[in-house]
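Here the structure comes first, spelled out in structure tokens, and everything after it is commentary.
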Amino acid sequence: MEQRLANTWRMTVNEKKFIESALLSGLRVDGRNVYDYRKLSINFGKEDGSAEVHLGQTRVMGIVTSQLVQPYRDRPNEGTLSIFTEFSPMADPSFEPGRPGEFAVELGRVIDRGLRESRAVDTESLCVLAGKLVWAIRIDLHILDNGGNLVDAANVAALAALSTFRRPECSLGGENGQEVIVHPPEAREPLPLIIHHLPIAVTFAFFSDESTLVVDPTHQEEAVMAGRMTATLNTNGDICAIQKAGGEGVPQSVIMHCLRIAATKAADVTVKIRDTVEAYNTERALRKIKRHSAPVALDVSGTLPNLRKNQVKSEDQREVSGSVGTQVEKLKLMNERKNSDQSNDIEDTSKFSKKQKGSQSEKSTQQASPKGSAEDMKAISPATESAKIASQTHGEKTLKDAVKPKHKRKKKAPSAVDGS
């Protein structure tokens with residue numbers, strides 16, 4: 007109420023009358039219908055459990071944290087859930103730093119009642135060791151800009167932050183099994199909270215005329231309204247909480263009408279929250295895969311995944327096959343060069359031996375009688391043919407081939423005439 011009074015002091019009488027006359031004719035200053043919401047957008051931070059909600063000109067940031075504490079004695083198997091609000095003077099000049107005012111306390115209680123009393127969050131799953139350690143979930147709501155209807159914007163921010171929050175996984179160890187081990191995110195994947203349903207808060211503003219009411223009041227409409235009611239419902243139509251503020255009385259028929267409108271609005275907001283959370287989880291999974299790809303590739307312990315091993319093997323095989331192919335080609339070229347050099351040397355040395363063999367074969371044929379048997383002629387003929395073929399293959403003989411080298415020539419003995 008102090009916020010509404012502060013806004014009233016800043017507005018002129020003409021502005022108030024203009025807003026009231028427009029509402030009586032079914033019009034609003036921003037051009038909306040009486041039952042329309044402003045544009046809702048949800049943005050998530052880099053860390054899990056942080057969300058920023060834009061509802062028109064209203065901006066609220068929600069941050070969720072957790073810590074291990076001792077449970078309450080009457081509920082040793084359940085964790086705790088608490089909500090804290092922070093109103094910054096930068097969001098609205100009427101907000102004062104320090105101790106929270108009446109409106110800040112009311113906002114926290116409305117959201118806390120809708121979440122905790124409806125048991126939207128499973129607090130039993132937050133128990134680590136019964137009677138000794140449980141998780142305490144804390145929701146901090148920071149008002150960044152006051153454009154009206156802070157309750158609905160803060161409620162959506164709290165639900166979005168809770169939907170993306172991850173707490174570390176714990177296990178019991180030690181000799182007696184009573185030692186709690188908190189695993190870091192690098193060792194084990196953090197666990198999300200178990201949320202049964204999403205209680206959505208829908209705020210209605212009442213004016214001097216009982217039949218005039220609007221949904222999602224703006225900053226100027228809150229300065230003119232005579233009362234306000236916040237109904238918290240889920241998609242199933244269950245009423246989680248109702249908060250009536252202001253001195254203006256509301257008949258039962260108007261309350262039932264407001265609940266029917268709130269059920270439809272809660273379904274739309276729930277779809278919006280779930281779609282954005284699903285998109286964030288998909289992006290988080292991709293970011294997580296990208297983050298873990300580098301250390302897996304640089305692992306030198308030999309514990310690579312099967313897919314990575316197969317890829318490494320295929321790459322090694324390709325490299326080995328390529329290197330082996332190049333080495334084989336080099337060896338082939340070297341062998342060809344050696345064979346060509348050896349063949350040239352063999353040709354030079356075999357020319358003399360072939361010449362000698364040819365002369366010996368000719369002499370043997372001349373000495374043999376022409377009346378020889380056909381078998382001898384057949385045996386001789388292949389030798390001569392092979393000699394001819396060898397001579398043809400190795401090329402024609404030259405004068406250099408007929409001359410013997412000096413070191414193979416025989417020295418002539420001195421004759422007796424020379425000696426005399």
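Okay, so the sequence shown: first residue is 7 according to the numbering used here, each after it adds one. For every residue, glycine included, the Cβ atom is placed at its ideal position computed from N, Cα and C. On a predicted model such as this, the values are computed, not experimentally measured, just so you know.
Own chain, CB closer than 7 Å to residue i, minus 5 neighbours either side, in chain order
| i | result |
| --- | --- |
| Asn155 | Leu61, Thr64, Thr209, Asp222, Pro223 |
| Tyr41 | Val221, Ile267 |
| Ala272 | Ile206, Val208, Leu239, Asn240, Thr241 |
| Asp36 | Thr224 |
Which of helix, strand or coil DSSP assigns to residue i
| i | result |
| --- | --- |
| Met96 | coil |
| Ala237 | strand |
| Arg427 | Because residue 427 is not part of the residues shown, which for the chain are 7 to 426, the question remains open. |
| Leu204 | coil |
| Val260 | helix |
| Ala300 | For Ala300, the predicted structure reports a pLDDT of 43, less than 50, and the residue's modelled location is therefore unreliable. A value from the coordinates is still provided. Three-state DSSP puts Ala300 in a helix. |
| Arg280 | helix |
| Arg105 | coil |
| Tyr286 | helix |
| His400 | The predicted model places His400 with a pLDDT of 47, which falls under 50 and marks its position as unreliable, so this point remains unresolved. |
| Asp274 | helix |
| Arg44 | coil |
| Arg343 | helix |
| Arg266 | helix |
Identity of the residues DSSP links to residue i by a beta bridge
| i | result |
| --- | --- |
| Asn49 | Glu58 |
| Arg144 | Thr71, Ser88 |
| Glu185 | Gly179 |
| Cys133 | Val140 |
| Ile149 | Val66, Phe93 |
| Arg119 | In the DSSP output, where bridge partners are listed per residue, Arg119 has none listed. |
| Arg293 | DSSP lists no partner for Arg293. |
| Phe212 | Leu219, Gly233 |
| Arg173 | Leu197 |
| Val111 | Note: Val111 sits in no beta bridge, so no partner. |
| Val127 | Ile201 |
Residue range of the beta strand (DSSP E) that includes residue i
| i | result |
| --- | --- |
| Gln249 | 245-252 |
| Arg34 | From DSSP, Arg34 is part of no beta strand (DSSP E); its letter is neither H nor E. |
| Leu199 | Counting along the chain, Leu199 falls outside any beta strand (DSSP E), and DSSP gives it neither H nor E. |
| Val221 | 219-221 |
Same chain only: Cβ atoms within 8 Å of residue i, ignoring 5 sequence neighbours per side
| i | result |
| --- | --- |
| Ile187 | Cys176, Ser177, Leu178, Gly179 |
| Pro103 | Ser94, Pro95 |
| Lys278 | Leu46, Ile48 |
| Asn242 | His203 |
| Ser124 | His203, Pro205, Thr238, Asn240, Asp244, Cys246, Ala247 |
| Pro196 | Asp54, Arg172, Arg173, Pro174, Glu175 |
Unbroken alpha helix (DSSP H) run spanning residue i, endpoints
| i | result |
| --- | --- |
| Thr170 | 156-170 |
| Val230 | 225-230 |
| Asn20 | 19-30 |
Residue from the options with nearest C-alpha to residue i
| i | options | result |
| --- | --- | --- |
| Val140 | Asn152, Tyr78, Gly104 | Tyr78 |
| Ile25 | Tyr43, His225, Phe90, Leu121 | His225 |
| Pro198 | Val70, Val35, Gly37, Gly51 | Val70 |
| Ala142 | Ile89, Leu239, Asn182 | Ile89 |
| Asp262 | Asp274, Ala232, Leu239, Glu284 | Note that residue 262 corresponds to Met in the displayed sequence, not to Asp. Comparing Cα-Cα distances from Met262 to each of Asp274, Ala232, Leu239, Glu284, the minimum goes to Leu239. |
| Glu228 | Ala237, Ser217, Phe213 | Phe213 |
| Cys133 | Asn161, Asp118, Arg173 | Arg173 |
| Ser259 | Ile201, Leu219, Asp244, Gly37 | Leu219 |
| Glu201 | Met67, Ser131, Glu181, Lys22 | According to the sequence shown, residue 201 is Ile rather than Glu. The shortest C-alpha separation from Ile201 is found at Ser131. |
| Pro205 | Ser72, Gln184, Thr18, Val157 | Val157 |
| Arg44 | Phe50, Lys52, Arg34, Ala97 | Arg34 |
| Gly68 | Glu58, Thr170, Ala232 | Glu58 |
| Thr18 | Val230, Thr282, Arg38 | Val230 |
| Leu165 | Asp98, Lys22, Leu87, Ala193 | Leu87 |
| Gln76 | Asp98, Gly37, Leu135, Arg293 | Leu135 |
| Asp98 | Glu289, Leu150, Pro257 | Leu150 |
| Glu289 | Ser31, Ile117, Asp54 | Asp54 |
| Asn287 | Ala167, Ser27, Gly183, Pro106 | Ala167 |
Contacting residues, own chain, Cβ-Cβ under 6 Å from residue i (five flanking each side not counted)
| i | result |
| --- | --- |
| Gly137 | Pro82 |
| Thr129 | Glu84, Gly85 |
| Gly114 | Ile89, Thr91 |
| Ser370 | Only weak support exists for where Ser370 lies, its pLDDT of 46 falling under 50; the value from the coordinates is given anyway. So the list is empty, once near-sequence residues are dropped. |
| Val275 | Ile206 |
| Val162 | Val59 |
| Gln249 | Val116, Thr236 |
| Arg144 | Thr71, Ser88 |
| Gln146 | The sequence given here places Asp at residue 146; Gln does not occur at that position. Excluding positions up to five away in sequence, the list reads Ile69, Phe90. |
Proximity test, Cβ basis, 8 Å: residue i and chain C
| i | result |
| --- | --- |
| Met340 | You won't find chain C in this structure, because it holds only one protein chain. |
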